[in-house]
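Chains as they are written, first to last, in our numbering: chain A, 2 to 121; chain B, 11 to 544.
Notes for the one structure printed next.
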Amino acid sequence: MSHTVLICDDAVFMRTMISDILEESGYEIVGQAETGVQAIERYKSLRPDLVTMDIVMPDMGGIDAVREITSFDANAKILMCSAMGQQALVVEAIQAGAKDFVVKPFQPSRVLEAVQRVLG
Amino acid sequence: MDLAKYAALFQSESREQLSTMNEELLALERAPTASEPVSAVFRAVHTMKGMSATMGYATVTALAHELESLLDRVRHAEITVDRSVTDTLFAAVDALERAVEIEVAGGSAEASSAPALARLHALVGARSPSAPFLTTTQEFGVPSPAANGVSRAPRTVRVELRRLDGLTNLAGELLVARGRLTDVANEIADPALDEALAQASRLISDLHEEIMASRMVPVGQVFDRFPRLVRDAANSLGKEIELTLNGREIELDRSMLDEIGEPIVHLLRNAADHGIEQPDVRERAGKARAGQLTLTVTRERQMVTMRVQDDGRGIDREQVLARARAQGLVDATVESLNDEELVRIIARPGFSTAERITDLSGRGVGIDVVLTRVRELGGAVEIQSLPGEGTTVTLRLPVTLAIVRALLARVDGEMYAVPMTHVRETVELRQEARRRVQGRDVMLLRDEVIPLMQFREVVGLPEARFVSVDGSTQVIVIESEGRRTGLVVDEFAGQQDIVVKGFDGVRDGLALFSGATILADGAPALIVDVGSLT
């Protein structure tokens, strides 16, 4: 059975791209979220194997969403997607419970590597 | 990875982000110490940076990056927001917008973006561009009242307008097919068939309504850029103008909205340029320094009204009259102009009273452009102007270009459709109410003298032989640009919503018809371009 993924990013563009990359490699995208609050709700209802999480989103940022999700499910597997210049935030996200990160602009191969690592 | 297929998505989403930036920058300009607009612009810029970097658009990325740096310093109160900062931000957003279009089209925006980039850089200072921009995201957790409602926001899908047009067309054809089917079913008179048809008929109506509804978008999608536009116009003219947008949530067919944007911009620029006075002039006249410009959109059934109102000096009738006389547009004996005459004169192609040529308007391209456009769209224009108090221009438009409510009339056995936007009333004209004035046929309607026009003559048919028992004639009183004309037809044939099909063949030649339609009984009908008749 293929792994299920929830994609969280405020840009449709990014969601489409990540979703295309992962679907091509056989992952099943079970949901998308465009805000931190939505990400938490969707995580709880969908229980995906993996979450890709943007850092800067409206209403609640990605890091707070990571905190909420990992406090709900300590085994949640979250991959941070950050833009360049956010290295400090990435560290914070890992401390909050994210498992790994990729930096935009995405290379499909890097994204897939990171996803495989996280799903271990 | 094939990036080409993401370019369109990048472009449309960037446009949304750019529109957000402009909106929030205007909010920031009004309240320079507010933190929420800064965070909102930051988020939009940040999103664009991520997308453009992925697409490999170097200049957009560089601009977004530098903008982010500046906003970050603003956010940390290292830079105080003043006029020079907002101007730089606006200029950067403009450059960003241009760079998006250029890079999506495959060009290089490096050179054209250099000045904006340099300005940003100068403000940001010598700060290292690779330094982290954020320390915590907490500050971005903007507690907006909508936050809890976000998850309930409707989910959307982007659909090419071409596809929607295709659907609309098919649904229109389906309505026509239903009409024919109903006729056949009536002949056969089979209860089971009737029942099945009634059900199919309801479904077709519902389908049609759903498709039409899916084409509707709030006018704000296009009009939200106007505050920015008016701000820039006011700045370059040294004026103070406050634009109020009312009814931005009113929905309009996408095709109509795309068409009407430009005429509205024209009206706003006209008002900013010619209507609203310089602040000191206003003060001397006992008005507030800042001119009030209002754009109000309202909807009434299948019509939408857009009103552009300013509290400026009003149209100078003397000047218009003087110029109209000089151009031989009015009789030398005419001493004053009423609203209708005023519209007729300023609507003439190339008529302009601008004393000087500005960037904004006054290149002899005046309100005639607006009137022509609105007429092509099946709408009507009204202008009211009071000296010293301002000008109001009202546009009345059908909600959609695809479907028009029309009055059907039969002439020599052929059906013609007259858009209801131009129909004032229909009259059974009795012989006693007809007169001849200066060799022309006219009718008397409640003290008003209205010229008559034989539709048969217009389309090149011989005069009607048919005369009703009491000698009355069927007349449609049509109106365009304040002028009324009585159109004599053989017979009224009721009202119908018609699906407009444009045609190009005739448009170049005889400009009598704006399109054609297929009626419910399957018969074709030409749509009369009322503007060309009056």
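The beta-carbon is built from N, C-alpha and C at its ideal position, and this holds for glycine as well.
Simplified DSSP assignment, three categories, for residue i
i      : result
A/G37  : helix
A/M81  : strand
B/T527 : strand
B/T368 : Low local confidence applies: a pLDDT of 42 at B/T368 is under 50, so the model's placement there is unreliable, with the coordinate-based value given in what follows. Three-state DSSP puts B/T368 in coil, outside helix and strand.
B/E345 : coil
B/P273 : helix
A/M61  : coil
B/V114 : helix
B/I508 : strand
B/A163 : Confidence at B/A163 is low in this model, with a pLDDT of 46, below 50, so its placement is unreliable and the value that follows should be read with caution. Looking at B/A163 - three-state DSSP - the assignment turns out to be coil, as it is neither helix nor strand.
B/D451 : strand
B/R573 : A question about residue 573 of chain B goes unanswered here, because the residues of chain B that appear run from 11 up to 544.
B/I325 : coil
A/D50  : coil
A/G32  : strand
B/Q231 : helix
B/R294 : helix
A/I8   : strand
B/G151 : The pLDDT assigned to B/G151 is 34, lower than 50, so where the model puts this residue is not dependable, and the model offers no usable value.
B/R373 : At B/R373 the pLDDT is 39, less than 50, meaning the model places this residue with poor confidence; the figure from the coordinates comes in the next sentence. Residue state, collapsed to three classes: coil.
B/R188 : helix
A/Q108 : coil
B/V516 : Confidence at B/V516 is low in this model, with a pLDDT of 47, below 50, so the placement of that residue should be treated as unreliable; the coordinate-derived value is given next. Coil, per DSSP.
B/L522 : coil
Bridge-paired residues (DSSP) for residue i
i      : result
B/M226 : B/D263
B/N196 : Beta-bridge pairing links B/N196 to no other residue.
A/D55  : A/C82
B/L439 : B/T483
B/L305 : B/L255 and B/V318
A/I70  : The partner list for A/I70 (beta bridge, DSSP) is empty, contrary to what the question assumes.
B/T401 : B/S395
B/P534 : B/I528
B/P429 : B/A416
B/A390 : B/R406
B/E33  : In DSSP, B/E33 forms no bridge with anything.
Residue i and residue j closer than 9 Å at C-beta
i      : j      : result
B/M61  : A/A12  : yes
B/L352 : B/R323 : no
B/V437 : B/L455 : yes
B/V103 : B/Y67  : no
A/L35  : A/M61  : Inspection of the sequence shows that residue 35 of chain A is occupied by Glu rather than by Leu. It is not a contact, given that the beta carbons lie outside the stated cut-off.
B/V384 : B/I270 : yes
B/V452 : B/V459 : yes
B/S224 : B/V169 : yes
B/F465 : B/L497 : yes
B/D531 : B/D283 : no
B/L13  : B/T64  : yes
A/V112 : A/I30  : no
B/V70  : B/V110 : yes
B/I488 : B/R434 : yes
A/I8   : A/F107 : no
B/M266 : B/L407 : yes
B/V403 : B/E386 : no
B/F502 : B/R440 : no
B/Q302 : B/E252 : yes
B/V91  : B/T43  : yes
A/G63  : A/A94  : yes
B/L80  : B/L127 : no
B/L191 : B/L207 : yes
### Selection of the region 48–66 of chain A by Cβ proximity to chain B, strictly under 9 Å
D55, I56, V57, M58, P59, D60, M61, G62, G63, I64 and D65
### Three CB pairs or more closer than 8 Å across the region 258–277 of chain B and the region 299–311 of chain B
yes
### Query
Is it a yes or a no for the region 200–212 of chain B touching the region 226–242 of chain B, going by three-plus beta-carbon pairs under 8 Å?
no
### Residues from the region 42–64 of chain B in contact with chain A, defined by Cβ distance under 9 Å
A50, F52, R53, H56, T57, M58, K59, G60, M61, S62, A63 and T64
### Query
Touch check for the region 216–229 of chain B and the region 164–184 of chain B: three-plus C-beta pairs under 8 Å?
yes
#### Entry: Cβ-based contacts, 9 Å cut-off: residues of the region 103–123 of chain B near chain A
none
### Three or more C-beta pairs below 8 Å linking the region 41–50 of chain A and the region 65–74 of chain A
yes
### Query
Can you list, in chain order, the residues of the region 13–27 of chain B whose Cβ is nearer than 7 Å to any Cβ on chain A?
So the list reads Y16, L19, F20 and E23, given in the order they occur along the chain.
### Query
Do three or more CB pairs link the region 243–258 of chain B to the region 278–293 of chain B at distances below 8 Å?
yes
### Contact residues within the region 6–20 of chain A, judged by C-beta distance below 7 Å to chain B
D11, A12, V13, F14, M15, T17 and M18
#### Entry: chain B contacts made by the region 102–113 of chain A, where a contact means CB separation under 7 Å
K105, P106, F107 and P109
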